Amino acid sequence: MAFLNDMDIKTLQVFSHLAKSLHFGQTAYAFHVSPSTLSRMIQRIEDQLGCQVLERDNRSVQLTSQGRQFEAFAMQQIQQWQAFQSSLKTQQKQLTGTLSVYCSVTAAYSHLPQVLDGFRRVYPQIEIILETGSVAAAVEKVKSNQVDIAITALPEKLSSRLDFHPIAKIPLSIIAPTIDCQVSQQLQPRQIDWQQLPIILPEHGLARKRFEDWYRQKEVGKPNIYATVAGHEALVSMVALGCGVGIAPEVVIENSPVKERIRRLTEPTAIKPFELVLCYSKKQKHQPIVNAFLNTLQ
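Under the numbering used here, the residue at position 80 of the sequence shown is numbered 1168, and the numbers go up by one with no gaps.
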(Lines of atoms letter the chains of each structure in order from A and count residues from 1; the text may use other names and numbers.)
(Lines give C-alpha, C1' and ligand atoms only; values in the text may rest on other atoms or scores of the structure.)
Protein backbone atom coordinates (compact mmCIF):
# COMPACT_ATOMS: atom_id res chain seq x y z
CA MET A 1 0.00 0.00 0.00
CA ALA A 2 1.22 3.45 -0.88
CA PHE A 3 1.50 4.94 2.62
CA LEU A 4 3.88 7.85 3.08
CA ASN A 5 7.24 6.56 4.30
CA ASP A 6 7.02 7.90 7.87
CA MET A 7 3.26 8.33 8.25
CA ASP A 8 1.20 5.62 9.92
CA ILE A 9 -2.50 4.88 9.49
CA LYS A 10 -3.43 6.52 12.81
CA THR A 11 -1.93 9.83 11.68
CA LEU A 12 -4.03 9.67 8.54
CA GLN A 13 -7.16 8.88 10.58
CA VAL A 14 -6.50 11.78 12.93
CA PHE A 15 -6.04 14.21 10.05
CA SER A 16 -9.15 12.93 8.28
CA HIS A 17 -11.21 13.52 11.45
CA LEU A 18 -9.76 17.02 11.92
CA ALA A 19 -10.45 17.86 8.26
CA LYS A 20 -14.14 17.18 8.95
CA SER A 21 -14.46 18.60 12.46
CA LEU A 22 -12.17 21.61 11.88
CA HIS A 23 -11.91 21.66 15.67
CA PHE A 24 -8.70 20.69 17.48
CA GLY A 25 -10.47 20.08 20.78
CA GLN A 26 -13.03 17.66 19.29
CA THR A 27 -10.42 15.66 17.35
CA ALA A 28 -8.03 15.56 20.31
CA TYR A 29 -10.87 14.23 22.51
CA ALA A 30 -11.93 11.64 19.91
CA PHE A 31 -8.41 10.16 19.68
CA HIS A 32 -7.52 10.53 23.38
CA VAL A 33 -4.60 12.90 22.80
CA SER A 34 -3.92 16.39 24.10
CA PRO A 35 -4.43 19.41 21.81
CA SER A 36 -0.69 20.08 21.95
CA THR A 37 0.04 16.49 20.81
CA LEU A 38 -2.45 16.94 17.98
CA SER A 39 -0.74 20.18 16.95
CA ARG A 40 2.59 18.40 16.80
CA MET A 41 1.09 15.64 14.63
CA ILE A 42 -0.20 18.22 12.15
CA GLN A 43 3.17 20.00 12.20
CA ARG A 44 4.91 16.70 11.35
CA ILE A 45 2.53 16.17 8.44
CA GLU A 46 3.29 19.63 7.11
CA ASP A 47 7.02 19.10 7.58
CA GLN A 48 6.89 15.82 5.65
CA LEU A 49 4.73 17.26 2.86
CA GLY A 50 6.67 20.51 2.70
CA CYS A 51 3.50 22.59 2.61
CA GLN A 52 0.75 23.94 4.87
CA VAL A 53 -2.40 21.83 5.14
CA LEU A 54 -4.34 24.02 7.60
CA GLU A 55 -4.91 27.70 8.05
CA ARG A 56 -5.66 28.36 11.71
CA ASP A 57 -6.05 31.27 14.08
CA ASN A 58 -7.59 31.66 17.53
CA ARG A 59 -11.14 31.42 16.13
CA SER A 60 -11.16 29.05 13.16
CA VAL A 61 -9.45 26.21 11.31
CA GLN A 62 -9.64 25.84 7.53
CA LEU A 63 -8.09 23.44 5.01
CA THR A 64 -5.69 24.86 2.46
CA SER A 65 -5.93 23.66 -1.15
CA GLN A 66 -3.03 21.27 -0.38
CA GLY A 67 -4.91 20.19 2.74
CA ARG A 68 -7.96 19.24 0.69
CA GLN A 69 -5.73 17.17 -1.64
CA PHE A 70 -4.13 15.47 1.35
CA GLU A 71 -7.57 14.79 2.89
CA ALA A 72 -8.55 12.90 -0.27
CA PHE A 73 -5.29 10.97 -0.18
CA ALA A 74 -5.73 10.13 3.51
CA MET A 75 -9.27 8.88 2.98
CA GLN A 76 -8.15 6.68 0.09
CA GLN A 77 -5.42 5.10 2.22
CA ILE A 78 -7.76 4.55 5.16
CA GLN A 79 -10.32 2.84 2.93
CA GLN A 80 -7.64 0.59 1.41
CA TRP A 81 -6.42 -0.31 4.90
CA GLN A 82 -9.93 -1.14 6.11
CA ALA A 83 -10.56 -3.28 3.02
CA PHE A 84 -7.28 -5.11 3.59
CA GLN A 85 -8.13 -5.79 7.25
CA SER A 86 -11.58 -7.03 6.26
CA SER A 87 -10.04 -9.35 3.67
CA LEU A 88 -7.66 -10.80 6.23
CA LYS A 89 -10.45 -11.43 8.71
CA THR A 90 -12.47 -13.21 6.03
CA GLN A 91 -9.49 -15.41 5.12
CA GLN A 92 -8.83 -16.23 8.78
CA LYS A 93 -12.43 -17.30 9.31
CA GLN A 94 -12.39 -19.49 6.23
CA LEU A 95 -8.92 -21.07 6.56
CA THR A 96 -9.20 -24.44 8.29
CA GLY A 97 -7.26 -27.69 8.14
CA THR A 98 -3.97 -29.02 9.50
CA LEU A 99 -0.31 -28.04 9.49
CA SER A 100 2.10 -30.93 10.13
CA VAL A 101 5.41 -30.08 11.81
CA TYR A 102 8.47 -32.23 12.52
CA CYS A 103 11.32 -31.41 14.92
CA SER A 104 13.47 -32.81 17.71
CA VAL A 105 12.14 -33.03 21.28
CA THR A 106 14.44 -30.18 22.32
CA ALA A 107 13.35 -27.92 19.44
CA ALA A 108 9.72 -28.60 20.39
CA TYR A 109 10.16 -26.45 23.50
CA SER A 110 13.25 -24.35 22.69
CA HIS A 111 12.24 -22.87 19.31
CA LEU A 112 8.89 -24.20 18.10
CA PRO A 113 6.65 -22.12 20.43
CA GLN A 114 8.01 -18.80 19.17
CA VAL A 115 7.67 -20.04 15.58
CA LEU A 116 4.04 -21.12 15.99
CA ASP A 117 2.62 -18.57 18.45
CA GLY A 118 2.02 -15.82 15.87
CA PHE A 119 0.45 -18.28 13.42
CA ARG A 120 -1.91 -19.70 16.04
CA ARG A 121 -3.06 -16.23 17.07
CA VAL A 122 -3.95 -15.36 13.47
CA TYR A 123 -5.31 -18.78 12.46
CA PRO A 124 -6.70 -20.42 15.61
CA GLN A 125 -8.78 -22.94 13.62
CA ILE A 126 -5.74 -24.60 12.03
CA GLU A 127 -4.82 -27.83 13.80
CA ILE A 128 -1.09 -28.34 14.46
CA ILE A 129 0.09 -31.96 14.13
CA LEU A 130 3.51 -32.36 15.75
CA GLU A 131 5.90 -35.26 15.22
CA THR A 132 9.22 -35.44 17.05
CA GLY A 133 12.33 -37.43 16.24
CA SER A 134 15.92 -37.21 15.10
CA VAL A 135 17.00 -33.94 13.46
CA ALA A 136 18.82 -35.99 10.82
CA ALA A 137 15.49 -37.32 9.51
CA ALA A 138 13.84 -33.90 9.15
CA VAL A 139 14.83 -33.05 5.58
CA GLU A 140 13.71 -36.43 4.24
CA LYS A 141 10.36 -36.02 6.03
CA VAL A 142 9.75 -32.83 4.06
CA LYS A 143 11.07 -34.16 0.74
CA SER A 144 8.79 -37.19 0.95
CA ASN A 145 5.78 -34.98 1.85
CA GLN A 146 5.32 -36.69 5.21
CA VAL A 147 5.21 -33.28 6.91
CA ASP A 148 4.66 -29.67 5.78
CA ILE A 149 7.35 -27.98 7.90
CA ALA A 150 10.44 -29.23 9.75
CA ILE A 151 12.95 -27.62 12.09
CA THR A 152 16.43 -28.84 11.23
CA ALA A 153 20.06 -27.91 10.69
CA LEU A 154 20.72 -26.30 7.33
CA PRO A 155 22.17 -29.08 5.14
CA GLU A 156 25.57 -28.56 3.52
CA LYS A 157 24.11 -29.81 0.22
CA LEU A 158 20.89 -27.97 -0.55
CA SER A 159 18.07 -29.62 -2.45
CA SER A 160 16.55 -27.66 -5.34
CA ARG A 161 13.15 -28.90 -4.15
CA LEU A 162 13.36 -27.23 -0.73
CA ASP A 163 13.42 -23.76 0.76
CA PHE A 164 14.79 -22.73 4.17
CA HIS A 165 13.98 -19.96 6.64
CA PRO A 166 16.73 -19.20 9.22
CA ILE A 167 15.86 -19.34 12.94
CA ALA A 168 19.13 -19.33 14.92
CA LYS A 169 22.82 -20.20 14.99
CA ILE A 170 23.46 -23.28 17.15
CA PRO A 171 26.96 -23.86 18.61
CA LEU A 172 28.20 -27.40 19.31
CA SER A 173 30.45 -28.70 22.09
CA ILE A 174 32.39 -31.86 22.88
CA ILE A 175 31.07 -33.06 26.23
CA ALA A 176 32.23 -35.48 28.94
CA PRO A 177 30.78 -36.80 32.22
CA THR A 178 31.44 -35.09 35.56
CA ILE A 179 30.93 -38.25 37.65
CA ASP A 180 33.87 -40.34 38.83
CA CYS A 181 34.10 -43.05 36.18
CA GLN A 182 36.58 -44.67 33.80
CA VAL A 183 35.96 -41.99 31.16
CA SER A 184 36.73 -39.19 33.63
CA GLN A 185 39.96 -40.97 34.64
CA GLN A 186 40.99 -41.28 30.97
CA LEU A 187 40.59 -37.50 30.61
CA GLN A 188 42.88 -36.65 33.55
CA PRO A 189 46.33 -36.96 31.90
CA ARG A 190 47.62 -33.90 30.07
CA GLN A 191 48.17 -36.06 27.00
CA ILE A 192 44.79 -37.74 26.46
CA ASP A 193 44.85 -41.05 24.59
CA TRP A 194 42.00 -40.25 22.19
CA GLN A 195 42.21 -43.63 20.48
CA GLN A 196 41.25 -45.36 23.74
CA LEU A 197 38.56 -42.87 24.77
CA PRO A 198 35.03 -44.20 24.11
CA ILE A 199 33.16 -41.93 21.72
CA ILE A 200 29.38 -41.61 21.38
CA LEU A 201 28.12 -40.12 18.12
CA PRO A 202 24.85 -39.42 16.32
CA GLU A 203 24.05 -42.14 13.78
CA HIS A 204 24.28 -39.59 10.97
CA GLY A 205 23.69 -35.92 10.31
CA LEU A 206 25.53 -32.63 10.50
CA ALA A 207 26.66 -32.94 14.14
CA ARG A 208 28.44 -36.21 13.36
CA LYS A 209 30.22 -34.61 10.40
CA ARG A 210 31.24 -31.68 12.61
CA PHE A 211 32.79 -34.16 15.09
CA GLU A 212 34.61 -36.06 12.34
CA ASP A 213 36.07 -32.79 10.99
CA TRP A 214 37.15 -31.69 14.49
CA TYR A 215 38.64 -35.09 15.33
CA ARG A 216 40.49 -35.34 12.02
CA GLN A 217 42.29 -32.07 12.77
CA LYS A 218 43.69 -33.55 15.99
CA GLU A 219 45.60 -36.19 13.99
CA VAL A 220 45.42 -38.79 16.77
CA GLY A 221 44.32 -41.86 14.80
CA LYS A 222 40.89 -43.42 14.44
CA PRO A 223 38.26 -42.69 17.09
CA ASN A 224 37.04 -45.49 19.37
CA ILE A 225 33.29 -45.47 18.61
CA TYR A 226 31.51 -46.81 21.69
CA ALA A 227 27.96 -46.25 20.39
CA THR A 228 25.85 -44.35 17.88
CA VAL A 229 22.43 -42.98 18.83
CA ALA A 230 19.45 -41.59 16.93
CA GLY A 231 18.93 -38.35 18.90
CA HIS A 232 21.08 -35.72 20.60
CA GLU A 233 19.02 -35.95 23.78
CA ALA A 234 19.89 -39.65 24.17
CA LEU A 235 23.55 -38.89 23.42
CA VAL A 236 23.74 -36.29 26.22
CA SER A 237 22.15 -38.76 28.64
CA MET A 238 24.68 -41.49 27.76
CA VAL A 239 27.57 -39.08 28.32
CA ALA A 240 26.07 -38.05 31.67
CA LEU A 241 25.95 -41.73 32.67
CA GLY A 242 29.70 -42.05 32.05
CA CYS A 243 29.49 -44.13 28.87
CA GLY A 244 31.82 -41.93 26.86
CA VAL A 245 32.54 -38.56 25.26
CA GLY A 246 30.28 -37.07 22.58
CA ILE A 247 29.20 -34.02 20.62
CA ALA A 248 25.94 -32.16 21.11
CA PRO A 249 24.30 -28.84 20.21
CA GLU A 250 24.39 -26.24 22.98
CA VAL A 251 20.61 -25.89 22.93
CA VAL A 252 20.27 -29.61 23.74
CA ILE A 253 22.88 -29.39 26.49
CA GLU A 254 21.28 -26.36 28.13
CA ASN A 255 17.80 -27.89 28.08
CA SER A 256 18.87 -31.35 29.23
CA PRO A 257 17.68 -32.52 32.69
CA VAL A 258 21.17 -34.04 33.22
CA LYS A 259 23.21 -30.98 32.21
CA GLU A 260 24.75 -30.77 35.72
CA ARG A 261 26.33 -34.19 35.12
CA ILE A 262 28.30 -33.17 32.04
CA ARG A 263 31.15 -30.78 31.26
CA ARG A 264 32.46 -29.28 28.06
CA LEU A 265 35.85 -30.28 26.69
CA THR A 266 35.73 -27.53 24.05
CA GLU A 267 34.52 -23.96 23.92
CA PRO A 268 31.29 -23.58 21.89
CA THR A 269 33.30 -21.53 19.37
CA ALA A 270 35.84 -24.31 18.74
CA ILE A 271 33.54 -26.20 16.37
CA LYS A 272 31.69 -24.66 13.44
CA PRO A 273 28.07 -24.04 14.50
CA PHE A 274 25.13 -25.05 12.40
CA GLU A 275 22.20 -22.89 11.35
CA LEU A 276 18.80 -23.91 12.63
CA VAL A 277 16.18 -23.45 9.90
CA LEU A 278 12.60 -24.11 8.96
CA CYS A 279 12.54 -26.47 6.00
CA TYR A 280 9.63 -26.69 3.57
CA SER A 281 8.92 -27.84 0.02
CA LYS A 282 8.92 -25.23 -2.74
CA LYS A 283 5.79 -26.86 -4.15
CA GLN A 284 3.98 -26.91 -0.82
CA LYS A 285 4.73 -23.29 0.07
CA HIS A 286 1.96 -22.15 -2.29
CA GLN A 287 -0.65 -24.25 -0.50
CA PRO A 288 -2.99 -21.93 1.49
CA ILE A 289 -2.08 -23.15 4.99
CA VAL A 290 1.67 -23.37 4.42
CA ASN A 291 1.61 -20.00 2.66
CA ALA A 292 -0.31 -18.47 5.58
CA PHE A 293 2.21 -19.91 8.03
CA LEU A 294 5.16 -18.50 6.08
CA ASN A 295 3.49 -15.08 5.89
CA THR A 296 3.21 -14.94 9.69
CA LEU A 297 6.98 -15.45 9.90
CA GLN A 298 7.52 -12.19 8.06
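Glycine included, each C-beta is placed from N, C-alpha and C at the ideal position.
Fair warning: this is a prediction, and the values are worked out from it, not measured in the lab.
Residues bridged to residue i (per DSSP)
{"i": "G1206", "result": "The partner list for G1206 (beta bridge, DSSP) is empty, contrary to what the question assumes."}
{"i": "T1220", "result": "C1191"}
{"i": "K1257", "result": "E1363"}
{"i": "S1369", "result": "L1250"}
{"i": "I1335", "result": "I1262"}
{"i": "G1185", "result": "I1214"}
{"i": "L1285", "result": "In DSSP, L1285 forms no bridge with anything."}
Pick from the options that is closest to residue i, judged by C-alpha positions
{"i": "F1161", "options": "S1104, I1217, V1340", "result": "S1104"}
{"i": "D1251", "options": "F1299, I1263, P1212, A1238", "result": "A1238"}
{"i": "P1286", "options": "I1133, H1111, K1229, V1327", "result": "V1327"}
{"i": "L1364", "options": "N1233, T1240, T1194, Y1117", "result": "T1240"}
{"i": "L1294", "options": "G1319, W1282, L1329", "result": "G1319"}
{"i": "Q1274", "options": "F1119, Q1305, R1128, N1312", "result": "N1312"}
{"i": "I1280", "options": "K1306, R1351, F1381, R1296", "result": "K1306"}
{"i": "T1384", "options": "D1205, C1269, I1130", "result": "D1205"}
{"i": "L1323", "options": "E1291, G1155, I1359", "result": "E1291"}
{"i": "A1224", "options": "V1317, M1129, R1128, C1269", "result": "V1317"}
{"i": "R1296", "options": "E1244, C1269, K1257", "result": "E1244"}
{"i": "G1155", "options": "E1300, R1128, G1138", "result": "G1138"}
{"i": "T1099", "options": "D1145, E1300, M1163, L1200", "result": "M1163"}
Neighbourhood of residue i by C-beta, 7 Å cutoff - its chain only, sequence neighbours within 5 removed
{"i": "Q1101", "result": "I1166"}
{"i": "K1370", "result": "R1249, L1250, D1251"}
{"i": "E1134", "result": "Q1140, V1141"}
{"i": "I1377", "result": "L1183, G1185, L1187, I1214"}
{"i": "A1118", "result": "H1105"}
{"i": "V1121", "result": "none"}
{"i": "V1235", "result": "S1188, V1189, Y1190, E1219, K1229"}
{"i": "A1380", "result": "L1183, Y1211"}
Short CB-CB distance (under 8 Å) between residue i and chain D
{"i": "K1257", "result": "Annotation note: the requested chain D is absent from the structure, which comprises a single protein chain."}
Under 8 Å between C-beta atoms of residue i and residue j
{"i": "P1361", "j": "L1246", "result": "no"}
{"i": "P1264", "j": "L1353", "result": "The displayed chain sequence assigns Ala, not Pro, to residue 1264. Result yes, Cβ atoms of A1264 and L1353 sit closer than 8 Å."}
{"i": "D1289", "j": "G1334", "result": "Residue identity check: residue 1289 is Leu in the sequence provided, not Asp. Yes, the Cβ-Cβ distance between L1289 and G1334 is below 8 Å."}
{"i": "I1217", "j": "S1188", "result": "yes"}
{"i": "G1332", "j": "Y1314", "result": "yes"}
{"i": "L1151", "j": "V1141", "result": "yes"}
{"i": "Q1222", "j": "S1198", "result": "Per the sequence shown, the amino acid found at residue 1222 is Ser instead of Gln. No, the Cβ-Cβ distance between S1222 and S1198 is not below 8 Å."}
{"i": "R1349", "j": "I1267", "result": "yes"}
{"i": "Y1211", "j": "L1183", "result": "yes"}
{"i": "T1115", "j": "S1124", "result": "no"}
{"i": "A1107", "j": "E1159", "result": "yes"}
{"i": "Y1368", "j": "V1230", "result": "yes"}
{"i": "V1340", "j": "S1325", "result": "no"}
{"i": "W1169", "j": "I1097", "result": "yes"}
{"i": "I1359", "j": "R1298", "result": "yes"}
Residues near residue i by beta carbon distance below 6 Å, same chain, minus five either side
{"i": "N1093", "result": "Its pLDDT being 46, under 50, N1093 is placed unreliably by the model, and nothing is read from it."}
{"i": "P1356", "result": "P1259, S1261, E1338"}
{"i": "R1351", "result": "A1264, T1266"}
Cutoff 8 Å; reference residue i; Cβ partners in own chain excluding five residues on either side
{"i": "A1343", "result": "Here the sequence assigns Asn to residue 1343, which means Ala is not the residue at that position. T1194, Y1197, S1198, listed in sequence order."}
{"i": "K1310", "result": "Q1283"}
{"i": "V1271", "result": "A1264, P1265, L1285, P1286, G1330, C1331, G1332, V1333"}
{"i": "V1149", "result": "L1106, L1110, H1111, F1112, L1142, E1143"}
{"i": "L1382", "result": "H1253, Y1368, K1373"}
{"i": "N1233", "result": "S1369, Q1372"}
{"i": "E1404", "result": "Because the chain spans 1089 through 1386 in this model, residue 1404 falls outside it and cannot be assessed."}
{"i": "I1130", "result": "F1103, L1106, V1141, L1142"}
| query | Unbroken alpha helix (DSSP H) runs of length 4 or more, entirely within the stretch 1094 to 1175: which are they? | reply | Whole alpha helix (DSSP H) segments, 4+ residues: 1097 to 1109, 1112 to 1118, 1123 to 1137.
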